[in-house]
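Here the sequence shown stands for residues 0 to 259, where the numbers follow numbering that gives the first Met the number 0.
Even for Gly, the Cβ is constructed at its ideal location relative to N, Cα and C.
Structure record follows, encoded as structure tokens.
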Amino acid sequence: MTRSSAGPELTVLHRIPSGSNAVYRCVDQHGDGWVYKPSAGERPLMDFPDGSLAAREVAAFAVSAALGWDLIPETVTAHGPGGRGMAQRWIDERDSGGDGAYDPVDVHPVDSVPEGRAVVLRGEGSRGEEVVVAHDTDDRLRRIALLDIVVNNADRKGGHVLVDRAGRSWAIDHGLSFHVDPKVRTVLWGWAGRPLVGGDVADLRGLAGELAREGGLASRLTHLLSSDEIDALARRVDGLLTDGRFPVPGPGYPLPWPLF
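Written out as structure tokens, the structure is:
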């Protein structure tokens, strides 16, 4: 068990094998579940500074909270057996096996796309059949897609949207965010080119004001991001407010790989 004034006391239960970086399922002193990612367990990348991904996850939570959208589970700086990193509240996912529920982002036969879903990619299935990748278009998923533009998320895979037992969607895995260059890669392109809704515009204006306010969000992000990255964040918010719509991607749509 490890104690930190900046985060929960963590007891590791087991390592989560999926993904290329070290990820552990933990419980705190109250028995509540957390995901712990030590910075020392991050695989080096060409386009992000070494050991910076945990801080970017904490920064993404701070931005979501400042918008008032509550899209990302509570994420804090923490120390654990692997050293300094981040801890994020564990989400107990909905059991989709018995009630016919499906994931917010999924693969469907081309002629069987559920009503209300947006198609973002066409391709071939494992047997050569024509399939599509499509996602839901509810308000909460729309805001996840918009948050990805704000934080410049380079890795919004389908599996990075979880649905809890109450049916609520949550966005996870934001380590590849906040680059100063355009890096958005996402499966949530269903709103490309569409106007922003009024409530989202008001929240973005509030975020812009919070970033500009002395002692506001920008100052709280200084121990998580570089000054250039914070400036780029403010420019992206201003750009969204100026354009008033979701950006349109270039040819081929920038997609993460793998998609799920």
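Cβ-Cβ distance between residue i and residue j below 9 angstroms
| i | j | result |
| --- | --- | --- |
| L240 | V62 | no |
| V22 | L223 | no |
| P7 | D31 | yes |
| V130 | V106 | yes |
| V183 | P108 | no |
| A52 | W169 | With the sequence shown as reference, residue 52 is identified as Leu, and Ala is not the correct amino acid for it. No. Outside cutoff. |
| Y35 | G79 | yes |
Same chain only: Cβ atoms within 8 angstroms of residue i, ignoring 5 sequence neighbours per side
| i | result |
| --- | --- |
| E92 | L161, V162, D163, R164 |
| P250 | none |
| P181 | N151 |
| V26 | L9, T10, L12, G32, W33 |
| E123 | E129, V130 |
| G243 | P194, L195, V200 |
Candidates the options, of which the one nearest residue i by Cα
| i | options | result |
| --- | --- | --- |
| V150 | F60, G157, A201 | F60 |
| H173 | D137, R55, W188 | R55 |
| I148 | G18, I15, L203, W89 | L203 |
| G50 | G67, P72, N20 | N20 |
| V104 | G198, Q87, S176, T136 | T136 |
| I15 | R219, W89, D110, R244 | W89 |
| L145 | P72, V200, M85 | V200 |
| P48 | G18, E114, A65, L175 | L175 |
| I143 | G127, S125, R126, R167 | R167 |
| P248 | G81, G192, L220 | G192 |
Inter-residue Cα distance where the pair is residue i and residue j
| i | j | result |
| --- | --- | --- |
| H178 | H159 | 19 angstroms |
| R141 | W190 | 7 angstroms |
| V283 | R24 | What the structure shows of the chain is the stretch from 0 to 259, and residue 283 is not part of that stretch, so it cannot be assessed. |
| V132 | E213 | 43 angstroms |
| L187 | A77 | 30 angstroms |
| L210 | D227 | 13 angstroms |
| H134 | R121 | 13 angstroms |
| G99 | R139 | Note that G99 scores 46 on pLDDT, short of 50, meaning its location in the model is unreliable; the coordinates nonetheless yield the value given after this. Cα-Cα distance, rounded: 21 angstroms. |
| F259 | V118 | 15 angstroms |
Residue i: first and last residue of the uninterrupted alpha helix (DSSP H) it sits in
| i | result |
| --- | --- |
| R235 | 226-242 |
| G208 | 197-211 |
| R316 | Since the displayed the chain opens at 0 and closes at 259, residue 316 lies outside it and no answer follows. |
| R142 | 138-150 |
| A77 | First-last for A77: 74-79, but that is the beta strand (DSSP E), not the alpha helix (DSSP H). |
| S125 | Segment: none, S125 is in no alpha helix (DSSP H) and carries neither H nor E. |
| L9 | No alpha helix (DSSP H) contains L9, which is instead part of the beta strand (DSSP E) from 6-14. |
| L220 | Here L220 belongs to no alpha helix (DSSP H), and DSSP marks it neither H nor E. |
| A153 | No alpha helix (DSSP H) holds A153; DSSP gives it neither H nor E. |
Own chain partners of residue i with C-beta closer than 6 angstroms, once the 5 adjacent residues on each side are dropped
| i | result |
| --- | --- |
| R83 | S38 |
| T185 | D147, R155 |
| Q28 | E8 |
| A217 | L210, I229 |
Sequence-distant residues of the same chain with beta carbon closer than 7 angstroms to residue i, five excluded per side
| i | result |
| --- | --- |
| W256 | none |
Boundaries (first-last residue) of the beta strand (DSSP E) holding residue i
| i | result |
| --- | --- |
| S17 | Neither: S17 is in no beta strand (DSSP E) and is coded neither H nor E. |
| R24 | 23-26 |
| A170 | 168-170 |
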